[in-house]
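Encoded as structure tokens, the structure appears first; notes follow it.
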Amino acid sequence: MLELAKTYNAKEIEDKIYKLWEKSGFFNPNKLPRTYKKPFTIIMPPTNANGSLHAGHGLVLTIEDIMIRYKRMRGYKTLWLPGLDHAGFETQVVYERQLEKEGRSRFTMKPGDLYQEIMEFTMRNKKNIEDQTKKIGSSCDWSREKFTLDADIIKTVYSTFKKLYNDGLVYRGRRIVHWCPKHQTSLSDLETIDKKQTDKLYYLQYGPFTIATARPETKFGDKYVVMHPDDKRYKDYKHGQKIELEWINGKVTATVIKDKAIDMSFGTGVMTITPWHDAVDFDIAERHSLDKEQIIDFQGRLLPIAGEFAGMKIGEARPKIVEKLQAKGLLVKIDENYTHVVKTCYKCGALIEPQIKDQWFVKMKPLAEPAIEAIKKNKIRFIPAHYKKISLHWLQNIIDWNISRQIVWGIPIPAKICDSCGAGIVDIENKISACHKCNGSVRKETDTFDTWFSSGQWPFAALGYPSSKDYKTFYPTQVMETAGEIIFFWVCRMIMLGLYVSKKIPFENVYLHGLVLDAKGQKMSKSRGNVINPLDLTEKYGTDAFRIGMVVGNTPGTSLALNEDRIRGYKNFANKIWNASRFVLMNVKDYKPGTRVVLNQKQKKTLADFKKEVKEIEKLMDSFKFYIAAEKIYHYFWHTFCDNIIEENKTKLSGTAKERRASQYLLLEILSSSLKILHPFMPLITEEIYQQLPLKNKKKTLMIEQWPQ
RNA sequence: GGGCGGCUAGCUCAGCUGGUUAGAGCGUUGCAUUCACAUUGCAAAGGUCAUUGGUUCGAGUCCAAUGCCGCCCACCA
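Sequential numbering of the first sequence, starting at 66, is according to the working numbering.
And the structure:
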């Protein structure tokens with residue numbers, strides 16, 4: 066039937082078209098015609114399985130689908146592999162909030178039960194996320210969908226862990242970590258947020274010295290007093306010298322330590338250290354092999370060393386301690402306006418309490434070096450380019466990565482811990498029953514991996530490293546497209562782990578999009594109540610309008626203010642496409658595809674101009690400038706094809722038979738080719754119209770049509 | 001303390017390796033309408049391209065400095 070409904074209704078066609086594609090099988094590269102040889106692969110950033118799609122996902126899916134559809138039309142064997150991320154800590158936090166609402170707590174549950182519940186929660190979300198991904202029109206290969214907790218993925222993650230361990234790049238270390246007292250887990254340095262705040266700075270009398278501190282409640286165990294070796298004010302005190310002095314809870318013996326980490330211009334140039342609860346102090350203590358003592362427990366309460374204050378929360382204890390110090394005449398003065406930076410948990414905002422804990426660390430410098438090398442040699446192209454500098458800067462200053470988390474929702478760390486010497490022994494087969502160092506008894510490690518440790522291996526793991534056919538065919542991949550926000554969390558780590566395990570860069574291009582903000586340019590958040598659900602927009606304006614609206618003028622790397630008017634404008638465009646196509650279809654009913662026609666000079670030029678236009682768009686697509694390409698197509702279709710070409714040919718359609726045929730040919734030619742170049746951006750409407758067009762050598766779907774030459 | 005962006009029409013933003021009267025969408029104003037489309041057409045108004053200096057025959061585009069705005073990184077108690 067060469068007819069389109071009088072009015073365009075996105076809802077009526079969208080589900081139908083998606084089903085048509087799924088049925089065609091062409092999402093799966095193996096089912097593409099044989100001529101599609103050269104692989105083009107994008108591994109989709111695995112979606113967090115803890116909620117539903119947000120506007121950012123809408124952008125990810127749109128941009129990646131544009132690349133995939135374009136390359137498929139250019140004859141590439143395209144694979145777009147979808148995935149789901151268990152998103153360890155993120156998901157557990159979401160689930161814990163739910164538990165809280167129900168008046169339950171993870172700390173009173175059996176770990177196994179909690180794990181089961183979160184797994185069920187995740188599986189419910191999985192279905193939801195898949196349906197939503199389809200609504201965006203994503204042409205990904207569902208037959209290859211992976212989940213970060215799939216058995217084969219865990220196997221790969223374990224073998225990487227073992228390899229790192231054997232190479233001496235994983236160690237279990239008693240080191241200071243970022244501890245969230247609310248979530249009862251350690252975090253990596255990327256998972257804390259610096260917060261500026263103004264507190265009181267207390268100057269305390271410590272024997273002959275005056276020391277400054279913002280945290281008097283940590284000072285009970287302080288028995289080292291540190292100063293710069295070049296500080297002339299304290300030249301009479303010698304390194305290692307012992308001093309008897311009266312402190313909060315009685316007499317202590319302090320030892321003088323000289324260390325260059327001290328800033329002579331801060332306060333009095335002298336400080337005491339609390340190695341258990343401060344990273345700088347920890348380093349000083351390590352350098353001089355000093356004792357370290359825990360003052361605050363993991364729940365944030367003072368330990369018996371605090372004497373009468375034991376058991377108190379630090380917030381409660383602080384004023385009382387200050388009171389006592391004052392009573393003892395040890396409080397010199399208080400600076401009320403002391404502005405400093407504190408670390409907070411990126412999820413709950415709780416103050417991070419540094420703690421010393423045995424954790425699994427990955428030595429990063431040896432992993433970073435090959436990555437730095439590859440990036441410097443431009444083996445990986447960053448879009449936009451300035452991310453190259455950003456990545457290099459981070460990699461060059463990288464510190465060891467704490468990959469253990471004290472949560473149940475994740476991949477268990479396959480290891481045994483020695484009860485007597487505390488050694489950690491990697492034990493993937495779960496066979497080791499005694500410590501290889503001291504022969505002590507061992508217990509199973511209960512920590513899980515940082516979720517980024519598994520997602521950092523995603524490109525090769527999801528493709529079935531090391532021996533699958535897919536891995537051999539599709540790896541390394543061509544493009545990694547994700548949010549610029551997670552360049553360190555994810556992209557850099559994928560580069561490092563990819564190079565380390567597979568010996569290859571995991572992707573040739575990194576395309577980083579910016580944040581999607583609300584219409585006013587503010588970050589979307591549930592608490593602000595300004596979250597835009599992409600599916601509301603596709604519902605209201607159609608998926609195609611949403612998609613092209615998301616990309617036009619949206620430069621990679623910069624944030625996008627998602628204004629509804631923007632999407633509405635493209636709904637009008639979809640309507641324009643529909644009506645122009647309807648007009649052409651109405652006028653070609655008597656046209657036989659393949660008929661010979663004679664074009665006049667003007668028509669020949671029109672065709673030639675169009676070809677030039679296509680070439681330019683092609684160039685833009687090849688250089689990842691979708692934001693310009695989309696606008697160009699839009700402009701051509703509306704203001705050249707509709708406003709000029711159709712108008713010019715209207716009279717000829719009612720001219721001589723010869724003239725009519727020529728115009729029919731021309732209009733059909735440009736319309737069908739325009740639909741092809743529009744297809745990556747607006748796949749649903751273009752497919753629907755394509756299905757109605759009278760063409761010679763028509764393909765089963767527009768999706769596998771050749772890009773116009 | 002380091003680093004990275006941005007500053008172009010009322011609003012949101014394009015403008016690649018420097019080259020004729022600086023662009024788009026939305027908005028605004030006027031006119032048109034039984035023609036595929038009012039989810040339309042035609043036309044118009046609107047910009048000292050943050051500032052200053054430099055390179056150049058020529059700069060929104062390159063260089064330097066300055067000023068705002070935003071972001072990231074960093075162990076100053």
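Glycine included, each C-beta is placed from N, C-alpha and C at the ideal position.
CB-CB length for residue i against residue j, believed under 8 angstroms
{"i": "I437", "j": "V575", "result": "Not a contact, Cβ separation roughly 15 angstroms."}
{"i": "I133", "j": "S208", "result": "Wrong, their Cβ atoms sit about 15 angstroms apart, outside the cutoff."}
{"i": "H10", "j": "K378", "result": "No answer is possible for residue 10: the residues shown for the chain start at 66 and end at 774."}
{"i": "Q53", "j": "L118", "result": "Outside the modelled stretch of the chain, which goes from 66 to 774, sits residue 53, for which no answer is possible."}
{"i": "I258", "j": "Y411", "result": "5 angstroms"}
{"i": "I194", "j": "A526", "result": "So it is not a contact: roughly 20 angstroms between Cβ atoms."}
{"i": "P524", "j": "H578", "result": "P524 to H578, Cβ: 18 angstroms. No contact."}
{"i": "I131", "j": "V617", "result": "Not a contact, Cβ separation roughly 11 angstroms."}
{"i": "L234", "j": "K428", "result": "5 angstroms"}
{"i": "C245", "j": "I417", "result": "6 angstroms"}
Residue closest to residue i, alpha-carbon to alpha-carbon, out of the options
{"i": "W703", "options": "L731, N644, K669", "result": "N644"}
{"i": "H353", "options": "V291, L396, I386", "result": "V291"}
{"i": "F706", "options": "Y635, S624, L740", "result": "L740"}
{"i": "I482", "options": "R470, L460, I493, E510", "result": "E510"}
{"i": "R237", "options": "I560, E494, I490", "result": "I490"}
{"i": "Q471", "options": "D296, P147, K422", "result": "K422"}
{"i": "A114", "options": "D80, N93, M768, Q157", "result": "Q157"}
{"i": "F154", "options": "I476, L457, Y692, M589", "result": "I476"}
{"i": "S519", "options": "L149, N95, G594", "result": "L149"}
{"i": "F212", "options": "K227, T187, D492", "result": "T187"}
C-beta atoms of residue i and residue j nearer than 8 angstroms
{"i": "Y101", "j": "K142", "result": "yes"}
{"i": "L625", "j": "L564", "result": "no"}
{"i": "W517", "j": "W555", "result": "yes"}
{"i": "I361", "j": "F374", "result": "no"}
{"i": "P340", "j": "K357", "result": "yes"}
{"i": "L266", "j": "L390", "result": "no"}
{"i": "N190", "j": "G116", "result": "yes"}
{"i": "Q729", "j": "V653", "result": "yes"}
{"i": "F91", "j": "L85", "result": "no"}
{"i": "I338", "j": "D295", "result": "no"}
{"i": "D264", "j": "H405", "result": "yes"}
{"i": "F543", "j": "F572", "result": "Rather than Phe, the amino acid found at residue 543 in this sequence is Gln. Yes; because the gap between Cβ atoms is below 8 angstroms, this pair is in contact."}
{"i": "S253", "j": "W459", "result": "no"}
{"i": "G607", "j": "K641", "result": "no"}
Cross-strand partners of residue i (DSSP beta bridge)
{"i": "H578", "result": "A548"}
{"i": "C483", "result": "V507"}
{"i": "D259", "result": "K408"}
{"i": "A499", "result": "S506"}
{"i": "N113", "result": "D150"}
{"i": "M377", "result": "None; M377 has no bridge partner."}
{"i": "V397", "result": "According to DSSP, V397 bridges with nothing at all."}
{"i": "N467", "result": "F426"}
{"i": "D362", "result": "Bridge partners of D362: none, in fact."}
{"i": "C820", "result": "Nothing in the structure corresponds to residue 820, since the chain is present only between 66 and 774."}
{"i": "E311", "result": "K316"}
Outcome for residue i when other beta-carbon atoms lying within 10 angstroms are tallied against a minimum of 16
{"i": "F426", "result": "buried"}
{"i": "H700", "result": "exposed"}
{"i": "S532", "result": "exposed"}
{"i": "D601", "result": "exposed"}
{"i": "P281", "result": "buried"}
{"i": "K261", "result": "exposed"}
{"i": "R171", "result": "buried"}
{"i": "K284", "result": "buried"}
{"i": "N665", "result": "exposed"}
{"i": "S65", "result": "Nothing in the structure corresponds to residue 65, since the chain is present only between 66 and 774."}
{"i": "N714", "result": "buried"}
{"i": "K88", "result": "exposed"}
{"i": "C413", "result": "exposed"}
{"i": "S469", "result": "buried"}
{"i": "E388", "result": "exposed"}
{"i": "M66", "result": "Here M66 scores only 43 on pLDDT, less than 50, and its place in the model should not be relied on; the value that follows carries that caveat. By the 10 Å Cβ count, M66 comes out exposed."}
{"i": "P658", "result": "exposed"}
{"i": "D80", "result": "exposed"}
{"i": "D206", "result": "buried"}
{"i": "P773", "result": "buried"}
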